[in-house]
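For reference, the structure discussed in these notes is given below.
Residue numbers (the numbering used here), protein chains in the order written: chain X, 1 to 277; chain H, 278 to 683.
Written out as structure tokens, the structure is:
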């Protein structure tokens with residue numbers, strides 16, 4: 001647990017006060033290019049995203065399904081870098097102080113930049129949390145503990161393989177929220193059995209006061225509504241990311257259609273979540 | 278003979294968290310952590326169980342054909358005009374390379390852990406063939422991930438795997454080589470973690486794989502040490518092995534690490550030259566980073582994105598390297614050098630013509646370095662090179678490079 005309060009804590013408090021689950025939206029930084037990525041951030045925030053998980057592109061995203069792999073590739077093809085991802089957050093913060101940004105990705109680009117440098121820049125840019133797929137609790141000294149020292153939440157993933165023996169280890173230095181991965185698998189592929197997920201959360205809720213967001217395989221407002229009944233947050237990624245390749249023009253630029261569809265889906269997801277309880 | 282078991286020697290790694298110095302570790306998604314910890318436990322238990330050893334030794338002898346001979350390459354020795362060149366002939370193993378040593382060890386563990394299904398990644402297809410072989414032998418279904426580019430250049434091995442009953446999944450992501458195949462295998466593992474055992478082929482990946490693969494491959498060095506003692510009555514002056522991920526090399530090197538008189542050379546794939554972007558020399562041209570579950574030297578750009586390597590040899594075409602090699606470089610125990618595509622090809626032809634042995638393109642890199650090293654050494658000195666694979670699989674690719682139609 002941390003002894004500081006972040007934008008994430010405030011957001012979950014707010015959602016709780018409103019009696020609803022939070023909508024976490026995932027998009028990849030620099031997808032399909034830097035300028036459009038900034039507009040996409042602003043678009044989904046304006047359309048009702050409570051929290052944005054912002055993917056840091058990596059050449060080898062081993063936990064991602066095809067949809068998000070391609071998002072990483074589009075971003076890298078448009079020369080996105082970690083430094084530019086931080087710059088996108090900085091620019092977003094000029095127009096939005098409210099929506100927490102959680103950077104999600106893999107360790108190597110951060111390690112290459114240097115953890116100290118990265119954390120200082122992330123904090124100054126207005127990053128609120130980190131989800132680093134390939135840093136399990138056994139590696140907390142690498143980035144998790146330094147992040148907490150810098151006032152940045154480090155959000156851990158719990159999965160269906162996280163048993164009672166392992167759970168305390170997973171919770172130990174987690175703050176902001178806990179991300180429950182609803183399936184054993186990669187992003188955007190299989191849709192989970194929601195009844196199984198609801199049951200899986202029972203021992204976790206008993207073990208922690210942290211808000212719990214559920215993600216992987218949540219694609220439609222209907223599915224989001226089911227999750228929103230029992231989870232503190234609902235994460236939607238691939239369904240949003242899918243809109244980008246199907247609406248960009250031949251030069252890889254977003255079109256009006258891109259922003260319209262993103263707004264439409266985000267609004268519908270939010271509405272479903274609000275009405276769920 | 279020097280003391281190979283001295284305390285605080287170079288053979289004691291990794292530590293309990295899987296680190297060799299700063300290298301190694303367990304950098305994996307949470308979904309895999311319980312499995313990796315269970316694997317570590319299972320391996321510890323197996324290591325302490327004489328029955329496990331016995332079963333593995335039996336298979337090594339009667340299935341693989343171990344011990345592989347150590348062979349004095351007289352005509353090459355004469356040709357180079359310096360040190361005596363011995364080959365440790367792991368190309369004579371069942372399936373044609375050293376990869377079977379590790380696969381047998383891992384399949385026995387898989388059985389002990391109750392796995393219902395095997396997955397593997399492969400570059401040259403040697404590991405894929407070995408994994409498919411042990412899966413067939415032990416009656417488990419096997420899926421092999423292989424880069425689409427590698428499938429093209431290693432057709433004979435692809436067919437062998439299919440004959441053995443394995444399902445081959447062509448990986449088109451990235452450059453379609455070993456790195457991308459490993460990503461896909463990891464994705465499969467995460468999705469099927471409950472019943473699937475991942476047989477990693479090289480001494481890399483999350484702990485305990487680098488240690489486990491090394492242990493299973495160390496039979497090469499243990500045998501070589503005894504055999505050269507018998508032939509020459511002393512330790513060799515130099516060891517040479519090629520390095521992609523580095524499993525054959527660590528297998529030969531490890532039993533000799535504390536023998537200070539033995540110089541050790543690891544030969545990376547220099548591709549079209551280290552002054553170009555097209556090579557796979559992670560140690561010479563890379564920097565420490567984190568990929569595929571471990572911290573190690575990686576070919577990467579300024580943003581930490583992993584670069585595609587290049588090598589004529591699919592088995593060396595990997596932008597990383599086993600973490601123990603990274604550590605051995607840092608402590609200076611092993612000297613890491615490289616050989617280019619062309620040098621390897623010349624060595625391939627030379628070995629075939631002078632010794633009547635068609636080597637795989639991977640150990641042809643090692644031989645290319647032996648060609649430089651041997652002439653600088655005295656005639657009473659000894660080099661042991663790991664001839665870790667046979668070249669049957671490469672015949673078609675080499676024919677194409679040399680402009681022959683088969």
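The beta carbon of each residue, even a glycine, is placed where N, CA and C say it ideally should be. Values in this document were obtained by computation on a predicted structure and should not be read as measured data.
9 angstroms Cβ cutoff, residue i in contact with chain X
i, result
"residue 389/H", "no"
"residue 474/H", "no"
"residue 539/H", "no"
"residue 570/H", "yes"
"residue 500/H", "no"
"residue 470/H", "yes"
"residue 492/H", "no"
"residue 566/H", "yes"
"residue 583/H", "yes"
"residue 372/H", "no"
"residue 450/H", "yes"
Sub-9 angstroms separation of residue i and residue j beta-carbons
i, j, result
"residue 65/X", "residue 188/X", "yes"
"residue 60/X", "residue 606/H", "no"
"residue 211/X", "residue 10/X", "no"
"residue 573/H", "residue 481/H", "yes"
"residue 217/X", "residue 175/X", "no"
"residue 660/H", "residue 363/H", "yes"
"residue 270/X", "residue 30/X", "no"
"residue 638/H", "residue 401/H", "yes"
"residue 378/H", "residue 505/H", "no"
"residue 286/X", "residue 446/H", "One cannot answer for residue 286/X here, as it falls past the ends of chain X, which runs 1 to 277."
"residue 312/H", "residue 517/H", "no"
"residue 53/X", "residue 86/X", "no"
"residue 113/X", "residue 83/X", "yes"
"residue 619/H", "residue 556/H", "no"
"residue 296/X", "residue 180/X", "Here chain X has residues from 1 to 277 only, and residue 296/X is not among them."
"residue 570/H", "residue 646/H", "no"
"residue 443/H", "residue 405/H", "yes"
"residue 366/H", "residue 329/H", "no"
Cα-Cα separation between residue i and residue j, rounded to whole angstroms
i, j, result
"residue 244/X", "residue 36/X", "10 angstroms"
"residue 116/X", "residue 123/X", "11 angstroms"
"residue 33/X", "residue 575/H", "27 angstroms"
"residue 279/H", "residue 533/H", "Low per-residue confidence applies at residue 279/H: pLDDT is 43, beneath 50, and the placement is therefore not dependable enough to give any value."
"residue 128/X", "residue 177/X", "11 angstroms"
"residue 143/X", "residue 230/X", "31 angstroms"
"residue 96/X", "residue 272/X", "24 angstroms"
"residue 535/H", "residue 287/H", "6 angstroms"
"residue 227/X", "residue 204/X", "15 angstroms"
"residue 613/H", "residue 522/H", "13 angstroms"
"residue 4/X", "residue 136/X", "22 angstroms"
"residue 258/X", "residue 241/X", "10 angstroms"
Host alpha helix (DSSP H) of residue i (start-end)
i, result
"residue 411/H", "403-415"
"residue 332/H", "327-336"
"residue 389/H", "376-389"
"residue 58/X", "Run containing residue 58/X: none; DSSP gives neither H nor E here."
"residue 432/H", "432-440"
is_contact[residue i, chain H] using C-beta, thresh 9 angstroms
i, result
"residue 136/X", "yes"
"residue 166/X", "yes"
"residue 34/X", "no"
"residue 119/X", "no"
"residue 170/X", "yes"
"residue 68/X", "no"
"residue 156/X", "yes"
"residue 193/X", "no"
"residue 113/X", "yes"
"residue 208/X", "no"
N- and C-terminal bounds of the beta strand (DSSP E) containing residue i
i, result
"residue 447/H", "444-448"
"residue 697/H", "In the structure as shown, chain H starts at 278 and stops at 683, and residue 697/H therefore has no counterpart that could be examined."
"residue 320/H", "Element bounds for residue 320/H: not the beta strand (DSSP E) but the alpha helix (DSSP H), 310-324."
"residue 181/X", "178-181"
"residue 363/H", "361-365"
"residue 170/X", "Looking at the DSSP string, residue 170/X is not in any beta strand (DSSP E); the run it does join, the alpha helix (DSSP H), is 167-171."
Worksheet item: In the region 195-261 of chain X, which residue ranges form an unbroken alpha helix (DSSP H) of at least 4 residues, counting only runs that do not cross its ends?
Response: Runs found: 221-230, 238-241 and 243-247.
Worksheet item: Taking the runs of the alpha helix (DSSP H) that are 4 residues or longer, which of them lie wholly in the region 84-160 of chain X?
Response: Listed in chain order, the alpha helix (DSSP H) runs fully inside the region 84-160 of chain X are 107-113, 115-125 and 144-149, counting runs of at least 4 residues.
Item to complete: With 9 angstroms as the C-beta to C-beta threshold (strictly closer), list the residues of the region 420-433 of chain H near chain B in chain order.
Response: No chain B is part of this structure, whose protein chains are labelled X and H.
Worksheet item: Taking the runs of the alpha helix (DSSP H) that are 4 residues or longer, which of them lie wholly in the region 452-505 of chain H?
Response: Complete alpha helix (DSSP H) runs here, min 4: 455-468 and 486-494.
Worksheet item: Which runs of the beta strand (DSSP E) fall wholly inside the region 629-681 of chain H and span at least 3 residues, in chain order?
Response: As far as the region 629-681 of chain H is concerned, its whole beta strand (DSSP E) runs of at least 3 residues are 659-663.
Practice prompt. Go through the region 547-609 of chain H residue by residue and report every complete run of the beta strand (DSSP E) that reaches 3 residues or more, in order.
Written response: Whole beta strand (DSSP E) segments, 3+ residues: 564-568 and 570-575.
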